[in-house]
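Trainee:
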Amino acid sequence: MAKNAHIIGAGVSGLSAAVRLANAGFQVHVHEATHQAGGRCRSYYDGATDLVIDNGNHLVLSGNSHVRAYARSIGSEAGLVGPESAQFSFVDIKSDKRWMLDLGNGRLPLWVFDKSRRVPDTGVGDYLALSPVIWAGTDALVGDTIKCEGTLYDRLVQPLLLAALNVDPPKGSAGLAGAIVKQTLLAGGQACRPLIAREGLSSVLIDPALKLLREKGARINFGHELRQVLMAGETISTLEFGDDAVTISPGDVIVLAVPPRAASSILLGLTTPVKFRAIVNAHFRYDPPANMPAMMGVIGGLVEWLFAFPQRLSVTISDADRLVNTPREELARAIWRDICKAAKLGNDVAEGPLPPWQIVRERRATFEATPEQNAMRPGTVTEWKNLFLAGDWTDTGLPATIEGSIRSGDRAADFALKMQ
Ligand SMILES: Cc1cc2nc3c(=O)[nH]c(=O)nc-3n(C[C@H](O)[C@H](O)[C@H](O)COP(=O)(O)OP(=O)(O)OC[C@H]3O[C@@H](n4cnc5c(N)ncnc54)[C@H](O)[C@@H]3O)c2cc1C
Numbered sequence: 004m005a006k007n008a009h010i011i012g013a014g015v016s017g018l019s020a021a022v023r024l025a026n027a028g029f030q031v032h033v034h035e036a037t038h039q040a041g042g043r044c045r046s047y048y049d050g051a052t053d054l055v056i057d058n059g060n061h062l063v064l065s066g067n068s069h070v071r072a073y074a075r076s077i078g079s080e081a082g083l084v085g086p087e088s089a090q091f092s093f094v095d096i097k098s099d100k101r102w103m104l105d106l107g108n109g110r111l112p113l114w115v116f117d118k119s120r121r122v123p124d125t126g127v128g129d130y131l132a133l134s135p136v137i138w139a140g141t142d143a144l145v146g147d148t149i150k151c152e153g154t155l156y157d158r159l160v161q162p163l164l165l166a167a168l169n170v171d172p173p174k175g176s177a178g179l180a181g182a183i184v185k186q187t188l189l190a191g192g193q194a195c196r197p198l199i200a201r202e203g204l205s206s207v208l209i210d211p212a213l214k215l216l217r218e219k220g221a222r223i224n225f226g227h228e229l230r231q232v233l234m235a236g237e238t239i240s241t242l243e244f245g246d247d248a249v250t251i252s253p254g255d256v257i258v259l260a261v262p263p264r265a266a267s268s269i270l271l272g273l274t275t276p277v278k279f280r281a282i283v284n285a286h287f288r289y290d291p292p293a294n295m296p297a298m299m300g301v302i303g304g305l306v307e308w309l310f311a312f313p314q315r316l317s318v319t320i321s322d323a324d325r326l327v328n329t330p331r332e333e334l335a336r337a338i339w340r341d342i343c344k345a346a347k348l349g350n351d352v353a354e355g356p357l358p359p360w361q362i363v364r365e366r367r368a369t370f371e372a373t374p375e376q377n378a379m380r381p382g383t384v385t386e387w388k389n390l391f392l393a394g395d396w397t398d399t400g401l402p403a404t405i406e407g408s409i410r411s412g413d414r415a416a417d418f419a420l421k422m423q
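According to this note's numbering, the sequence shown is numbered sequentially starting from 4.
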């Protein structure tokens, strides 16, 4: 008889582990506390804009090998859409200066040596000065490792690291920043093509996984929150869900893929990151101008990244704790003004009635990517032989990203398979 794999949490880390274990012949049971899969990476119908929106604009890069392999394994890789070459449009809305960063399609970062492709007003030496971050230890701060000022910092390093770390870069972990720089700027354009789930996060990264799991006989249990576990020696013996309990048989495996606060309330004494940062996304129902790039870096305003979707302009603001209590209308207006400048919509549109809008504030979007919090990330293996941890907050070597999350789910499944 097939062994059971119990996956707790249906975010991308749990789903990637579930898919791997279902493919390996396990009878998979997914237990998700809410009534929707996807966790922090999901789509839903929004009444204010009358559109299906994502909880946050998620960008992945062509070098995110775990994301792409996962999407391939659930048959949805083609849903991650991006340009042929790693080109990023930027605008400084204070000066209205616009430029294109063109990393090309190669395996080496040769674009650095081409003035027309690199950030305007920067020289090769500026890029070489970033090299200490590549070798930085996990306890170092970005601000102690590289110079956090100047044109290259303002126009590229700050936006890149802010998006990746979700903290003010100088205070972020240089080790995690180095991992990002190695995966992106150093890996050449072939690793940096921006990919977006244009049809929505759920239809590309979540629903196809649920479909595949169901086809393989997996049971997906929504509204099934794990409350506690019982231990017997070196193993977990029972999963308690409140109204019911599941007995774990020898050979069964458990992947705990829940956020850190839930994990530490289930496994008392588990060390996890305890500080988090918010991300604000705002969505406006407005047809993007025809020539607008799918994605734009915005410098010099409140908005950091502007995305053009069919019928919708959306923005992302990272490290956004300062905005969680700002009145929604005030925030929407300030964001809309930035959008109008970046997308050249004109003053009349900026000051006219707001198009239908929605603001989504994810208060605990990611753990705080500082050396202190990074040191609190546990590994995959636990002191219980049949329980493995997954989630973007486990020790993936990356900040909280879909790539790290899927990597952690894959790793948990691989350890579970090794246990057999
Ligand atoms: C607004 C926003 C923007 C982002 N932008 C990007 C981006 O551009 N690029 C990128 O790579 N990453 C981005 N991220 C990060 C990315 O979304 C996360 O790293 C990833 O989704 C985390 O997945 P996870 O499976 O580790 O955790 P989660 O998605 O948190 O999944 C955990 C699941 O466990 C469930 N759960 C909790 N407790 C229990 C319990 N006791 N029993 C059962 N189930 C339980 C939860 O309901 C949830 O479904 C962004 C995140 C946010 C919030």
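The beta-carbon is built from N, C-alpha and C at its ideal position, and this holds for glycine as well.
(1) Taking DSSP as the reference, what is the three-state secondary structure of Asp57?
(2) DSSP three-state label for Glu243, please.
(3) Which runs of the alpha helix (DSSP H), 4 residues or longer, sit entirely within the stretch 282-367?
(4) Going by the C-beta, is Pro276 closer than 8 Å to any heavy atom of ligand 1?
(5) Going by C-alpha to C-alpha distance, which of Pro86, Arg101, Ala72, Ser411 sits closest to Val258?
(6) Could you check where the beta strand (DSSP E) with Lys421 kicks off and where it finishes?
(7) Between the beta-carbon of Gly78 and the beta-carbon of Trp138, is there less than 9 Å?
(8) Assign Val327 to one of two classes, buried (16 or more other C-beta atoms within 10 Å of its C-beta) or exposed (fewer than that).
(9) Classify Pro292 as buried or exposed, calling it buried when 16 or more other Cβ atoms lie within 10 Å of its own Cβ.
(10) What is the DSSP secondary structure of Val207, reduced to helix, strand or coil?
(11) I'd like to confirm something about Ser46: is its beta-carbon nearer than 8 Å to some heavy atom of ligand 1, or not?
(12) Are the stretch 342-354 and the stretch 225-239 touching, with three or more C-beta to C-beta distances below 8 Å?
(13) Looking at C-beta atoms only, is the number of pairs between the stretch 183-193 and the stretch 35-49 that lie closer than 8 Å three or more?
(14) Using three-state DSSP, classify Gln90 as helix, strand or coil.
(15) Asp255 and His34 - do their beta-carbons sit closer together than 9 Å?
(16) Would you say Pro381 touches ligand 1, meaning its beta carbon is less than 8 Å from a heavy atom?
(17) My assumption, with CB atoms under 8 Å, is that Trp308 sits in contact with Met295. Please give the rounded CB distance.
(18) Counting beta carbon pairs with one atom in the stretch 78-87 and one in the stretch 207-216, are three or more of them shorter than 8 Å?
(19) Buried or exposed, going by whether 16 or more other CB atoms sit within 10 Å of the CB of Asn350?
(20) Cβ atoms of His32 and Ala221: under 9 Å apart, would you say?
(21) For Pro135, which residues of its own chain have a beta-carbon under 7 Å away from its beta-carbon, when the five flanking residues on both sides are left out?
(22) Among Pro253, Thr274, Ala25, Gln361, which has the Cα closest to the Cα of Leu54?
(23) Hey, quick one: how far does the alpha helix (DSSP H) through Asp49 stretch, first residue to last?
(24) By the DSSP assignment, the beta strand (DSSP E) with Lys100 in it spans what residues?
(25) Regarding Pro262 and ligand 1, is the C-beta to nearest heavy atom distance less than 8 Å?
(26) At the level of alpha carbons, what is the spacing between Asp49 and His286?
(27) Under 8 Å from any heavy atom of ligand 1, does the C-beta of Ile338 make it?
(28) Examine the Cβ distances between the stretch 306-324 and the stretch 382-398 and report whether three or more of them are shorter than 8 Å.
(29) Whose CA, out of Gly400, Trp396, Pro402, Gln423, lies closest to the CA of Gly17?
(30) Would you call the CB atoms of Asp57 and Leu204 closer than 9 Å?
(31) Can you name the start and end residues of the alpha helix (DSSP H) that His69 belongs to?
(32) From the DSSP output, read off the bridge partner residues of Gln231.
(33) According to the neighbour-count rule (16 or more other Cβ atoms, all chains shown, within 10 Å of its Cβ), is Glu371 buried or exposed?
(34) Return the chain-ordered ranges of every beta strand (DSSP E) run that is complete within the stretch 143-229 and spans a minimum of 3 residues.
(35) Under 9 Å, do Ala260 and Gly28 count as touching if we go by C-beta distance?
(36) Can you tell me whether His9 sits near ligand 1, meaning its C-beta is under 8 Å from at least one heavy atom of the ligand?
Mentor: In this structure, then:
(1) Within the sequence shown, residue 57 is the residue found at index 54, counting from 1. Residue state, collapsed to three classes: strand.
(2) Within the sequence shown, numbered from 1, the residue matching residue 243 stands at position 240. Strand, per DSSP.
(3) 331-345, 350-354
(4) As a first step, residue 276 must be located in the sequence shown, where it is residue number 273. Flag unset: Cβ of Pro276 not near ligand 1.
(5) Against the sequence shown, residue 258 aligns to sequence position 255. The option with the nearest alpha carbon to Val258 is Ser411.
(6) Here residue 421 is taken as the residue at index 418 of the sequence shown, counted from 1. Not the beta strand (DSSP E): Lys421 falls in the alpha helix (DSSP H), residues 405-421.
(7) As a first step, residue 78 must be located in the sequence shown, where it is residue number 75. As a first step, residue 138 must be located in the sequence shown, where it is residue number 135. Going by C-beta atoms, Gly78 is not nearer than 9 Å to Trp138.
(8) In the sequence shown, residue 327 corresponds to position 324, counting from 1. So Val327 counts as exposed.
(9) By one-based count along the sequence shown, residue 292 stands at place 289. The residue is exposed, with fewer than 16 neighbouring Cβ atoms inside 10 Å.
(10) Counting from 1 along the sequence shown, the entry for residue 207 is found at position 204. Here Val207 sits in helix by DSSP.
(11) On the sequence shown, position 43 is the one that residue 46 refers to. Not under cutoff, so the answer is no.
(12) no
(13) no
(14) Taking the first residue of the sequence shown as position 1, residue 90 is located at position 87. Strand.
(15) Along the sequence shown, read from residue 1 onward, the residue named residue 34 stands at position 31. Along the sequence shown, read from residue 1 onward, the residue named residue 255 stands at position 252. Contact: no.
(16) Stepping through the sequence shown from its first residue, residue 381 is reached at position 378. No; taking the cut-off as 8 Å, the Cβ of Pro381 has no heavy atom of ligand 1 nearer than that.
(17) Residue mapping note: residue 308 aligns to position 305 of the sequence shown, counting from 1. Residue mapping note: residue 295 aligns to position 292 of the sequence shown, counting from 1. At roughly 13 Å, the Cβ-Cβ gap does not stay under 8 Å, so Trp308 and Met295 are not in contact.
(18) yes
(19) Indexing the sequence shown from 1 puts residue 350 at position 347. So Asn350 ends up on the exposed side.
(20) Here residue 221 refers to the residue found at position 218 of the sequence shown. Here residue 32 refers to the residue found at position 29 of the sequence shown. A contact, by the Cβ cut-off of 9 Å.
(21) For this step, residue 135 is matched to residue 132 along the sequence shown. Within the same chain, Pro135 has close Cβ partners Thr148, Ile149.
(22) Your numbering for residue 54 matches position 51 in the sequence shown. Nearest C-alpha to Leu54: Gln361.
(23) What you label residue 49 is simply residue 46 of the sequence shown in a count that begins at 1. Asp49 -> not in any alpha helix (DSSP H); beta strand (DSSP E) instead, spanning 46-49.
(24) As a first step, residue 100 is located in the sequence shown; it is residue number 97 there, counting from the start. Residues 100-105.
(25) Position 259 of the sequence shown, counted from the start, is the residue given in the question as residue 262. It does: the Cβ of Pro262 is within 8 Å (strictly closer) of some heavy atom of ligand 1.
(26) Locating residue 49 in the sequence shown gives position 46, where the first residue counts as 1. Locating residue 286 in the sequence shown gives position 283, where the first residue counts as 1. Those two C-alpha atoms are separated by around 10 Å.
(27) If you number the sequence shown from 1, residue 338 lands on position 335. No, since every heavy atom of ligand 1 falls outside the 8 Å radius drawn around the Cβ of Ile338.
(28) no
(29) Mapped onto the sequence shown, residue 17 falls at position 14. It is Trp396 whose Cα lies nearest to the Cα of Gly17.
(30) Taking the sequence shown and counting its residues from 1, the one referred to as residue 57 is at position 54. Taking the sequence shown and counting its residues from 1, the one referred to as residue 204 is at position 201. Going by C-beta atoms, Asp57 is nearer than 9 Å to Leu204.
(31) Position 66 of the sequence shown holds residue 69. Looking at the DSSP string, the run of the alpha helix (DSSP H) that includes His69 is 68-76.
(32) Residue mapping note: residue 231 aligns to position 228 of the sequence shown, counting from 1. DSSP, once it has assigned bridges, lists Glu243 as partnering Gln231.
(33) In the sequence shown, the residue the question calls residue 371 occupies position 368. Buried, by the Cβ-count rule.
(34) 197-200, 222-224
(35) Indexing the sequence shown from 1 puts residue 260 at position 257. Indexing the sequence shown from 1 puts residue 28 at position 25. No, they are not a contact pair.
(36) The count along the sequence shown starts at 1 and reaches residue 9 at position 6. Answer for His9: no, Cβ out of range of ligand 1.
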